[in-house]
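Everything below concerns the one structure shown next.
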Amino acid sequence: MPLYARGGLILSTSQIHNHLVPPHGGELVDLRVGEERAAELKAQSRHFPSWDLTARQVCDLELLLSGGFSPLRGFMNKADYESVCHSLRLTTGILWPIPITLDVSERFVKSLKSKNNKIALRDAEGVMLAVLNVEDVWQPDRKVEAAEVYGTTSPIHPGVDYLLNKANRWCLGGTVEGLRLPSIYDFKSLRATPAELRAEFARLGWRRIVGFQTRNPMHRAHVELTLQAAKQVEASLLIHPAVGITRPRDVDYFTRVRCYQLILAKFPAGTAKLSLLLLAMRMAGPREAIWHALIRKNHGCSHLIVGRDHAGPGKDANGNPFYEPYEA
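If you're matching positions, the sequence shown starts at 180 in this note's numbering and goes up one per residue.
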């Protein structure tokens, strides 16, 4: 029986899936390898090229390794990338609305000796977090991606600005073998993997869970909204804020988390839980709402609250919103 371990807690799949909505694709992916394989990869890594991950790539890797992006087992190849851009589905036919790619520099691509390299993926301190088994190397058409995913090519949209002005011009696709999750030192007790949350929901006897995605501080209206949503479907509540990369000029997550901690006391005892999500938001409006729902499904949620202007990036050069308030 597969086991999931973090922080000394051993979780069986029977614990994780008991009475909860199944993960997207039917299986909760865990890309972290065992101790023996990890030691083998570390010994071999002296011969691997290394790529230092950007902040956004670290967020994506965390959710790949932990299963938050189930059923993905690595960074997308060209076929899956194009399928997702054009049809919101993987080549297997499974729904997936947002491309998850590893963009690298042309110089790095030219340094690779073959298309089938293994690459050490490292954090900003040089710690190897995972190994990418390279299966595909290609140049994406960023303008086509922007038009398909965001519905615009305007660089005023933060997601488009990233694609056109910040992202590297080449992509590597392939499966990932994880050695460890990224090291994060704040609010450790509030950070839970999908497996850990599912085990906690099972322990509490929760079967129906409403997920609440937010990148802003919560206020009284949010409390009432979430209470009514949970009451309507007879469910418990998961407050699941994004604390990776959000919209520019958002309130910093240190301040936001302290607000969430205080507001948790406003809910009836035993009905709500707070957990942080290391998500790099794309601000993709309707597509992102679907993405958020799938991620929360993997964390054990049966429902998701989709709010007004969900994952909205603001207004364009003419002062018009990129997406209508209730388009999501």
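The beta-carbon is built from N, C-alpha and C at its ideal position, and this holds for glycine as well.
Looking only at C-alpha atoms, which of Pro202, Ala472 and Asp209 sits nearest to Arg359? In the sequence shown, counting from the first residue as 1, residue 359 sits at position 180. The residue with the shortest Cα to Cα distance from Arg359 is Asp209.
Note the first and the last residue of the continuous alpha helix (DSSP H) segment covering His198. The residue you call residue 198 lines up with position 19 of the sequence shown. Segment: none, His198 is in no alpha helix (DSSP H) and carries neither H nor E.
Assign Phe433 to one of two classes, buried (16 or more other C-beta atoms within 10 Å of its C-beta) or exposed (fewer than that). Position 254 of the sequence shown holds residue 433. Classification for Phe433: exposed.
Shortest alpha-carbon distance to Leu416 belongs to which of Gly330, Pro396 and Thr450? By one-based count along the sequence shown, residue 416 stands at place 237. The candidate whose alpha carbon is nearest that of Leu416 is Thr450.
Once you ignore the five residues that flank Ala371 on each side, which residues in its own chain have a CB closer than 6 Å to its CB? To locate residue 371, count along the sequence shown from 1; it is residue 192. The residues are Ser454.
Does the beta carbon of Val263 fall short of 7 Å from some heavy atom of the ligand HEM? Among the components of this structure there are no ligands whatsoever, and the ligand HEM is therefore not found.
My output table needs one value for Asn477: the three-state DSSP class, helix, strand or coil. Within the sequence shown, residue 477 is the residue found at index 298, counting from 1. In the displayed model, Asn477 falls within a helix according to three-state DSSP.
Leaving aside the five residues before and after Lys257 along the sequence, list all residues of the same chain whose C-beta is less than 6 Å from its C-beta, in chain order. Taking the sequence shown and counting its residues from 1, one reaches residue 257 at position 78. When the five nearest sequence neighbours on each side are left out, the beta carbons in the same chain lying within less than 6 Å of the beta carbon of Lys257 are those of Asp315 and Trp317, in order along the chain.
Per DSSP, which one or two residues make a beta bridge with Asn312? Residue 312 sits at position 133 when you count from the first residue of the sequence shown. Its beta-bridge partners are Lys297 and Thr354.
Leaving aside the five residues before and after Gly204 along the sequence, list all residues of the same chain whose C-beta is less than 6 Å from its C-beta, in chain order. Position 25 of the sequence shown, counting from 1, holds the residue named residue 204. For Gly204, same chain residues with a beta-carbon under 6 Å away, outside a window of 5 residues either side, are Ser249, Pro250 and Ile273 in chain order.
Would DSSP call Ile484 helix, strand or coil? The count along the sequence shown starts at 1 and reaches residue 484 at position 305. Strand, per DSSP.
So Ala508 is in the alpha helix (DSSP H); what residue range does that whole segment cover? Residue 508 falls outside the range modelled here, since the chain spans only 180 to 507, and no answer is possible.
With contact counted as at least three CB pairs below 8 Å, one residue from each stretch, are the region 259-274 and the region 495-507 in contact? Touching, no, given that fewer than three Cβ pairs across the two stretches are closer than 8 Å.
From the DSSP output, in three-state form, read off Lys292 for me. Residue 292 sits at position 113 when you count from the first residue of the sequence shown. The answer is coil: DSSP assigns Lys292 none of H, G, I, E or B.
Helix, strand or coil, according to DSSP, for Pro465 in the structure here? Against the sequence shown, residue 465 aligns to sequence position 286. Pro465: helix per DSSP, three-state reduction.
Would DSSP call Arg382 helix, strand or coil? Here residue 382 is taken as the residue at index 203 of the sequence shown, counted from 1. If DSSP states are grouped into helix, strand and coil, Arg382 belongs with the helices.
6 Å CB neighbourhood of Pro465 in its chain, flanking five on each side removed: Mapped onto the sequence shown, residue 465 falls at position 286. If we look at Pro465 and ignore the five residues flanking it on each side, its Cβ neighbours are Glu506 and Ala507.
Spatial distance of Thr233 from Glu219 (CA atoms): For the purposes of this step, residue 233 is taken as residue 54 along the sequence shown, with counting starting at 1. For the purposes of this step, residue 219 is taken as residue 40 along the sequence shown, with counting starting at 1. Cα to Cα, the separation comes out at about 25 Å.
Between Leu457, Lys345 and Ile298, which has its C-alpha nearest Thr354's C-alpha? As a working note, residue 354 is residue 175 in the sequence shown. When Leu457, Lys345 and Ile298 are compared, the shortest CA-CA separation from Thr354 is found for Ile298.
What number of angstroms, rounded off, separates the C-alpha of Glu472 from the C-alpha of Leu242? Stepping through the sequence shown from its first residue, residue 472 is reached at position 293. Stepping through the sequence shown from its first residue, residue 242 is reached at position 63. According to the sequence shown, residue 472 is Ala rather than Glu. Approximately 14 Å, taken between the alpha carbons.
Would you decide whether Asp166 is buried or exposed? Buried here means 16 or more other CB atoms lie within 10 Å of its CB. Outside the modelled stretch of the chain, which goes from 180 to 507, sits residue 166, for which no answer is possible.
Three-state secondary structure (DSSP) of Ile442: Sequence index remark: in the sequence shown, residue 442 carries index 263 (1-based). In this structure, DSSP gives Ile442 a helical state, which the three-state scheme calls helix.
Lys257, enclosing alpha helix (DSSP H) - first and last residue: Here residue 257 refers to the residue found at position 78 when the sequence shown is read from its first residue. In the DSSP assignment, Lys257 falls within the alpha helix (DSSP H) that extends over Lys257 to Ser266.
Extent of the continuous beta strand (DSSP E) to which Lys452 belongs: Within the sequence shown, the letter at position 273 stands for residue 452. Annotation for Lys452: the continuous beta strand (DSSP E) segment containing it runs Ala451 to Leu453.
Please report how far the alpha carbon of Lys476 lies from the alpha carbon of Pro202, in whole angstroms. On the sequence shown, position 297 is the one that residue 476 refers to. On the sequence shown, position 23 is the one that residue 202 refers to. Using only the alpha carbons, I get a separation of about 6 Å.
Same chain, Cβ closer than 7 Å to Ala408, five either side skipped, listed in chain order: Here residue 408 corresponds to residue number 229 of the sequence shown, with the count starting at 1. These residues qualify, in order along the chain: Val389 and Ile484.
Could you tell me which of Ser262, Ala374 and Asp495 sits nearest to Leu199, measuring between CA atoms? Against the sequence shown, residue 199 aligns to sequence position 20. Its Cα nearest to that of Leu199, the residue Ala374 stands out among Ser262, Ala374 and Asp495.
Quick one: is Tyr260 buried, meaning 16 or more other Cβ sit within 10 Å of its Cβ, or exposed? Sequence index remark: in the sequence shown, residue 260 carries index 81 (1-based). Classification for Tyr260: buried.
Contact belief for Val263 with Pro276 at Cβ below 8 Å, rounded distance in angstroms: Residue 263 sits at position 84 when you count from the first residue of the sequence shown. Residue 276 sits at position 97 when you count from the first residue of the sequence shown. Right, the Cβ-Cβ distance comes to about 7 Å (below 8 Å), so this counts as a contact.
Tell me whether Pro361 sits in a helix, a strand or coil according to DSSP, three-state version. Here residue 361 corresponds to residue number 182 of the sequence shown, with the count starting at 1. Residue state, collapsed to three classes: coil.
Give the secondary structure of Gly187 by DSSP, where H, G and I count as helix, E and B as strand, and everything else as coil. In the sequence shown, the residue the question calls residue 187 occupies position 8. At Gly187 the pLDDT is 37, less than 50, meaning the model places this residue with poor confidence and gives no usable figure here.
Out of curiosity, what's the CA-to-CA distance linking Ser368 and Lys494? Locating residue 368 in the sequence shown gives position 189, where the first residue counts as 1. Locating residue 494 in the sequence shown gives position 315, where the first residue counts as 1. Taking the Cα positions, Ser368 is about 37 Å away from Lys494.
Ala448 in three-state terms, based on DSSP: Taking the first residue of the sequence shown as 1, we reach residue 448 at position 269. DSSP places Ala448 in coil when its eight states are reduced to three.
Count the other CB atoms within 10 Å of the CB of Leu383; is the residue buried (16 or more) or exposed (fewer)? Within the sequence shown, residue 383 is the residue found at index 204, counting from 1. So Leu383 counts as exposed.
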